[in-house]
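Structure record follows, encoded as structure tokens.
So this is what it looks like as structure tokens:
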């Protein structure tokens, strides 16, 4: 099938984690020399099988909450399958004081060659952004039907089908995105994150707090008591490259008519829609940061908004959000839940309705990456650029 072939280049604007669903437990690694040393457990078992120390090691990992370097440090030195530096060396010292239940590290998706960015993650983020930029066209009707209790079951899926086509006939069939080329393991870093939450103080003013583990929160002045999550992420300026194609078969008028499309999806339209969606999401994020008094974070978000404007002018680029920690807004077709019609729709979901009734910003939490002991950036924002293949 003939296709228009292009290359894509994704550059991380903030730390990015597209996970594989796995985590490193505290007995899968040891911290040594300001880095996480991931143990090659099969190799260790093969080595210990030849000595009485195997039973000792098995008893240790069965009862241990983390492996102590004093007892098993030789494994970290000699039997690590990969070594992941902390983004900041000071975080290694902080790690030693964190409770073991908070030390599981989400990992970046990888194959035998190294970490890579799945094409499905890119396409999913573009699809969400496209729906978010277009859903406003149906939002008024959805809100009207909600008011009259006329919304049928699975109305969200029906709204999506109305915009993109039903399963098997989606306009996104015209877009094919490959997995990126793998990176070297040395490209990744371990970042420290915490979850911010906005609450009302006794006088009704908004107040920044930080989530505890497993529940509850602590005031901003006690941030060192807040729960932390370490994550394996691609740092800013990391580049992923791959291929993108638009099969000409689906751009034939007869085929589009057979699939029920009014018109085919163009790359230019998709990139423009993605930038529109990103602009709305970032406006919401900036308002949250300002309300929380997180000035450094607000500055980071403002720089992302400038990149959106730059992408709009270029036409062949877009800014989008994907992956772990990006939160509700990165996965929602309602990029600005502050509007009356959006809230009318969200009130139909019980879990969201309770939060909306509290008169707090929605959503009230954000996962934030720390740098220099300060809340510094939101995870998952990238710059996508498309160019013809040579």
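Residue numbers (my numbering): 38 to 427. Quick reminder that beta carbons are idealized off the backbone N, C-alpha and C, glycines included. What you are looking at is a predicted structure, and each value in this text was computed from that prediction instead of being measured.
- Query: What residues match up with residue 230 in a beta bridge as DSSP calls it?
  - Reply: 266 and 406
- Report all residues from its chain with a CB closer than 6 Å to the CB of residue 422; omit the five preceding and five following residues, and keep chain order. Answer for residue 422: 46 and 354, listed in chain order.
- Cβ of residue 367 within 7 Å of Cβ of residue 358? yes
- Closest to residue 134 by CA distance: which of 203, 116, 103 and 146 is it? 103
- Task: Return the chain-ordered list of same chain residues with a C-beta closer than 6 Å to the C-beta of residue 418, the five sequence neighbours on each side being excluded.
- Result: 50, 51, 341 and 358
- Message: Considering only their Cβ atoms, is the gap separating residue 156 from residue 220 smaller than 7 Å?
- Response: no
- Starting from residue 248, trace the alpha helix (DSSP H) both ways and give me its first and last residue. Element bounds for residue 248: not the alpha helix (DSSP H) but the beta strand (DSSP E), 243–248.
- Please work out which residues of its chain come closer than 6 Å, Cβ to Cβ, to residue 316, disregarding the five sequence neighbours upstream and downstream, and give them in chain order. 345
- Which residue's Cα is closest to the Cα of residue 215: 44, 413 and 286? 44
- Report the residue from 323, 375, 141 and 307 whose alpha carbon sits nearest the alpha carbon of residue 162. 307
- Query: Start and end of the beta strand (DSSP E) containing residue 389?
  - Reply: In the DSSP assignment, residue 389 falls outside any beta strand (DSSP E) and lies within the alpha helix (DSSP H) extending over 387–394.
- Message: Is any non-hydrogen atom of the ligand COA found closer than 6 Å to the C-beta of residue 307, if you look at the structure I gave you?
- Response: Among the components modelled here there is no ligand, and therefore nothing to report on the ligand COA.
- Query: Between which two residues does the beta strand (DSSP E) carrying residue 69 extend?
  - Reply: For residue 69, the uninterrupted beta strand (DSSP E) segment begins and ends at 66–69.
- Message: Taking the beta carbon of residue 113 as the centre, do at least 16 other beta carbons fall within 10 Å, making it buried, or is it exposed?
- Response: buried
- Counting Cβ pairs, one atom from each stretch, are 3 or more of them under 8 Å apart for the region 300–314 and the region 192–211? Enough Cβ pairs lie closer than 8 Å, so yes.
- Tell whether a beta-carbon distance below 7 Å holds between residue 121 and residue 347. Cβ distance not < 7 Å, so residue 121 and residue 347 don't count as in contact.
- Query: At what residue ranges does the region 112–173 contain a whole run of the beta strand (DSSP E), taking only runs of 3 or more?
  - Reply: Those beta strand (DSSP E) runs which fall completely within the region 112–173 and span 3+ residues are 117–122 and 142–145.
- residue 106 by DSSP, collapsed to three states: which one? helix
- Assign residue 51 to one of three DSSP states: helix, strand, or coil. coil
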